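Residue numbering for the sequence shown follows my numbering, starting at 1 and increasing by one per position. By construction, the Cβ of each residue, glycine as well, lies at the ideal position given by its N, Cα and C atoms. Keep in mind the model is a prediction, meaning the values are calculated, not measured. Taking it in order: structure first as structure tokens, then the write-up.
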Amino acid sequence: MRTLTAEEASARARMLEVHDYSIHLVVNEGETFESRTTVRFRSRTGRTFLELDGTLLEGDVDGRPLALEGNRLWLDLEAGEHTARVVARCTTTSTGAGLARSVDPADGAVYVYGQSFLDDAQRIFACFDQPDLKATFSLTVDAPQTWVVRGNTRATVSGGRHVFEPTQVMAPYLFSLAGGPWHGRTVDHEGLELGVWCRASLAPHFEAEEILHVTRQCLDFQQPLFGRPMPFGPSYDQVFVPDFNAGAMENAGLVTFADEWFVPRSRSTQGERRLRAQVVAHELAHMWFGNLVTMHWWDDLWLNESFAEYLGYLTVDRATDYDGAWAEFALVRKAWGYRADSLPTTHPIAGTVTDTRAALLNFDGISYAKGAAALRQLAAWLGEDVFFAGVRRYLDRHAWGNTRLPDLLGALEEESGRDLGAWAQSWLREAGTSTVRLRDGVLVEDGDRPHRLGVGRYDGRPLRLLERVVVELPGPVAPVAPADLVLPNDGDLTFAKVRLDERSLATVRDSLHTLDDVLARALVWGSLWDSARDGELPPRDLVAAVLANVEGEQDPDLVGTLLQHAHTAAVRWAGSADLEAALHAHHLAVRTEPGSDLQLVYFRAAVATAPGPVPLPGGIDEDEELRWRGLRRLATLGLVSATDLEAAHAAEPTSGSQNHLAYALAALPDASRKEAVWVELTGTGRLTNSRGRALAEGFWQPGQDALLGAYVDRYVEAVPAFWTRLSQDLARVLTEQLFPSTLADPTVLLRTAALTTGTADAGQRRVVLEARDDLSRALRSRALA
Numbered sequence: 001m002r003t004l005t006a007e008e009a010s011a012r013a014r015m016l017e018v019h020d021y022s023i024h025l026v027v028n029e030g031e032t033f034e035s036r037t038t039v040r041f042r043s044r045t046g047r048t049f050l051e052l053d054g055t056l057l058e059g060d061v062d063g064r065p066l067a068l069e070g071n072r073l074w075l076d077l078e079a080g081e082h083t084a085r086v087v088a089r090c091t092t093t094s095t096g097a098g099l100a101r102s103v104d105p106a107d108g109a110v111y112v113y114g115q116s117f118l119d120d121a122q123r124i125f126a127c128f129d130q131p132d133l134k135a136t137f138s139l140t141v142d143a144p145q146t147w148v149v150r151g152n153t154r155a156t157v158s159g160g161r162h163v164f165e166p167t168q169v170m171a172p173y174l175f176s177l178a179g180g181p182w183h184g185r186t187v188d189h190e191g192l193e194l195g196v197w198c199r200a201s202l203a204p205h206f207e208a209e210e211i212l213h214v215t216r217q218c219l220d221f222q223q224p225l226f227g228r229p230m231p232f233g234p235s236y237d238q239v240f241v242p243d244f245n246a247g248a249m250e251n252a253g254l255v256t257f258a259d260e261w262f263v264p265r266s267r268s269t270q271g272e273r274r275l276r277a278q279v280v281a282h283e284l285a286h287m288w289f290g291n292l293v294t295m296h297w298w299d300d301l302w303l304n305e306s307f308a309e310y311l312g313y314l315t316v317d318r319a320t321d322y323d324g325a326w327a328e329f330a331l332v333r334k335a336w337g338y339r340a341d342s343l344p345t346t347h348p349i350a351g352t353v354t355d356t357r358a359a360l361l362n363f364d365g366i367s368y369a370k371g372a373a374a375l376r377q378l379a380a381w382l383g384e385d386v387f388f389a390g391v392r393r394y395l396d397r398h399a400w401g402n403t404r405l406p407d408l409l410g411a412l413e414e415e416s417g418r419d420l421g422a423w424a425q426s427w428l429r430e431a432g433t434s435t436v437r438l439r440d441g442v443l444v445e446d447g448d449r450p451h452r453l454g455v456g457r458y459d460g461r462p463l464r465l466l467e468r469v470v471v472e473l474p475g476p477v478a479p480v481a482p483a484d485l486v487l488p489n490d491g492d493l494t495f496a497k498v499r500l501d502e503r504s505l506a507t508v509r510d511s512l513h514t515l516d517d518v519l520a521r522a523l524v525w526g527s528l529w530d531s532a533r534d535g536e537l538p539p540r541d542l543v544a545a546v547l548a549n550v551e552g553e554q555d556p557d558l559v560g561t562l563l564q565h566a567h568t569a570a571v572r573w574a575g576s577a578d579l580e581a582a583l584h585a586h587h588l589a590v591r592t593e594p595g596s597d598l599q600l601v602y603f604r605a606a607v608a609t610a611p612g613p614v615p616l617p618g619g620i621d622e623d624e625e626l627r628w629r630g631l632r633r634l635a636t637l638g639l640v641s642a643t644d645l646e647a648a649h650a651a652e653p654t655s656g657s658q659n660h661l662a663y664a665l666a667a668l669p670d671a672s673r674k675e676a677v678w679v680e681l682t683g684t685g686r687l688t689n690s691r692g693r694a695l696a697e698g699f700w701q702p703g704q705d706a707l708l709g710a711y712v713d714r715y716v717e718a719v720p721a722f723w724t725r726l727s728q729d730l731a732r733v734l735t736e737q738l739f740p741s742t743l744a745d746p747t748v749l750l751r752t753a754a755l756t757t758g759t760a761d762a763g764q765r766r767v768v769l770e771a772r773d774d775l776s777r778a779l780r781s782r783a784l785a
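What follows is the structure in structure tokens.
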């Protein structure tokens, strides 16, 4: 499919004004569907094109026949009003793009859902597929009478025909529908119909009331904050779909979520439910940021994602029943941003995007975590009340339109009376992360970004706060009095790596658990993790710090993250079986309340480090997820057979079990099994997102070097075909997960260098560069170890 360039999009936007689409889809359980589209628009004189990724059956503009060249229907137009009509045969996908189709292995039921993002609306209907050519959309769907069909708006239903009300003005990438025997319910919330839906087989596991409760809380917080009701009423559906290519998607009035992430088939922890709440809040915030007001082009993607990310955490912290959101942001989410910003592929928050294919690469820790942290810093600098008054001014001024960065800055400047040009230049248009540290008793930063941040001084055992002062950098040099722990960025108001001085580092190695502030501890943990990743702290020291202090943490999500960090440091960075054994012994020895989330987290970690089967402790009941965690570990160790794994799946043939089986079979240290997995991943068969991900994640395992060494060259040969044959999402997953990262061998860097040349696909080049960077860091860490 030919990609759309920024230059082409700009020229087409100058030429056209799109009024409305009338779309009629005939969908059934098969792999193809009929798409009938009528689009009305105004044009200047000139030549432009509609996009369609399908087979053209009939097409005309103002009665003149159309022909399809690749994915473009060329239009030669005079100035004035026009109508184009297109009838096409389109194909569903198994990779979550366009109209995605999935067959539930539990009951054979077929489901379809629309994923029009980023430029995949053209896989469903003929359109001008770019964000600044907004229109209204009227949808009719003919589907099996047993199906539930939901869309961007409400529908009237007669037999199998669903006629949806016209939408508000929106970008094509926000168009969606969901069809199949969905299980769900709807409730009214102050005149807004809220719906939550999942596959029928997941009904026993679906926490509909919890999701609706969180949604109400988020609405009640965000609507007054943004100064207007949710823009895409009178309905708001949240559909949890299979084989998704993302975590969630903010389709106007019809948000889709990956059910494998957010509908747990087994027991979940409070932290996992908090994550789901954050994603619910994030996607709801998009109704204003991204949907009501949309960027002109993808180089201002951050106007969507950074705001939604910031609002997701702010909403959960202020409006829901969940605690610990900002600590999780500091330790987990910002680590994603720091990693992305330290890679050779880093980019500014607000950069330049040449085409739609390049745009997809920027959905990373910079556009999400770093951007959100920059906005949190800006709110701290301007004052939160002033910041959100500026946001409301921006939304009021540009409602239903498209914007660029200066539009937001202008509204904030008018409200605050400050010139934000220098702030925007250093924070949004320049890549890279500042590092803040104490040097000779003075707080210093290795860059020139403006920061407003806290500095905390702690003394004693237990560690007690002496003072926390707010400073601005760059600024007058202010000495910091010595203390057992001096913590720059205390309160986590800015985006900057933190390096502890020697006295502070010595303190936290064995006394961090005595610090009675979960956010401050999260910042210290983040500093230790990042220092180890950057090769400044030996991995053994990170493992030792976790073993000495992790029992002081009571948030299961943070504990799980720290145990995973220690495992990565032990196995990948230190390459030490002794350290892994020490971790396993520690996890088994920890005494927690039977039945608690903490007990579950420590048991999961014990299974992941086990040399063999781990008995269930009292308080934990075996379920599908725990059973498969154990089987996956035993498969990696070669302590279970393929026959046993297949029998376990046959006893419980769910989609979750199917994916676990794929991982476990790929993880077996068996040459014939590895070969079969490799052939499937590199062949031409129809591969779903979830199966491809599971097979690729299972393939490379520590300790299987002799078995896997021959696949390095085969990886180099196979990767280019991923980027020409597969969806970009699946190509990225396979390229990343099949990279031979478990081989601590410098020759891997030499043998994969050919995949990063200038002639390689941009996505391929980026993913391989990032994987090579991670391997280089692991090799440097092993030298420290």
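The beta-carbon distance between F128 and V18, rounded to whole angstroms, is 6 Å. This is short enough to meet the 8 Å contact definition. The beta carbon of G233 sits closer than 6 Å to those of L192, all from its chain and outside the five residues before and after it, given in chain order. If you draw a 10 Å sphere on the C-beta of E283, you find 16 or more other C-beta atoms in it, and that means buried. By the Cβ criterion, the segment 371-383 is in contact with the segment 446-458, since at least three pairs of Cβ atoms, one from each stretch, lie closer than 8 Å. Residue pairing by DSSP puts C90 in a beta bridge opposite F33. The DSSP-derived three-state label of V480 is coil. Excluding the 5 residues flanking it on each side, D597 has same chain C-beta neighbours closer than 6 Å at T269, Q270, P556, in chain order.
For D713, the CB contacts under 7 Å within the same chain, skipping 5 residues up- and downstream, are R751 in chain order. In the DSSP assignment, E193 falls within the unbroken beta strand (DSSP E) covering 192-198. Annotation: the continuous beta strand (DSSP E) that includes S434 extends over 434-439. Around the beta carbon of A481, fewer than 16 other beta carbons sit within 10 angstroms, so the residue counts as exposed.
A straight-line Cα-Cα distance of about 47 Å links E580 and L194. Within the same chain, Cβ atoms closer than 8 Å to the Cβ of Y368 are found at E305, S306, E309, R333, W336, G337, the five residues on either side in sequence being excluded. If you look at H19, you'll find it in the beta strand (DSSP E) that goes 16-26.
T735 counts as buried, since no fewer than 16 other beta carbons sit within 10 angstroms of its beta carbon.
Cα atoms of V455 and V469: separation of roughly 5 Å, rounded to the nearest angstrom.
A contact between stretches requires three or more CB pairs, one per stretch, nearer than 8 Å, and the segment 137-147 meets this requirement with the segment 155-171. Apart from the 5 residues on each side of it in sequence, S426 sits with its Cβ closer than 6 Å to the Cβ of R449 in its chain, given in chain order. The C-beta separation of A327 from A585 comes to about 27 Å, leaving the pair out of contact by the 8 Å criterion.
The residue among Q701, L661, L726 with its C-alpha nearest the C-alpha of A694 is L661.
W529 sits away from R782, with the two beta carbons spaced by 8 Å or more. Distance from the CA of E250 to the CA of L463, rounded to the nearest whole angstrom, comes to 44 Å. The bridge partners DSSP lists for S235 are E193. Taking V559 as the centre and dropping the five residues before and after it, the same chain places the C-beta of V550, E553, L598, V601, Y602 closer than 8 Å to its C-beta, in chain order.
Taking each of T688, T742, V767 in turn and checking the Cα distance to W723, the smallest one comes out for V767. In the DSSP secondary-structure assignment, D355 is bridged to T5. For the 8 Å CB-CB criterion, V86 and T37 form a contact. Separation of G184 and L562 (C-alpha to C-alpha, rounded to the nearest whole angstrom) is 36 Å. In this structure, S690 lies near E260, with their beta-carbon atoms less than 8 Å apart. With distances taken between CA atoms, L473 lies nearest to V436 out of Q238, V436, D501. If you compare the alpha carbons of A647, T146, V444 with that of N489, the shortest gap goes to V444. Taking a C-beta distance under 8 Å as the contact criterion, M230 and Q223 qualify as a contact pair.
Burial is judged here by how many other beta carbons sit within 10 angstroms of a residue's own beta carbon; S641 has fewer than 16 and is exposed. Secondary structure of K334 (DSSP, three-state): helix. By a beta-carbon distance limit of 8 Å, A178 does not contact T294. Their separation comes to about 22 Å. At least 8 Å separates the beta-carbon of V524 from that of L583.
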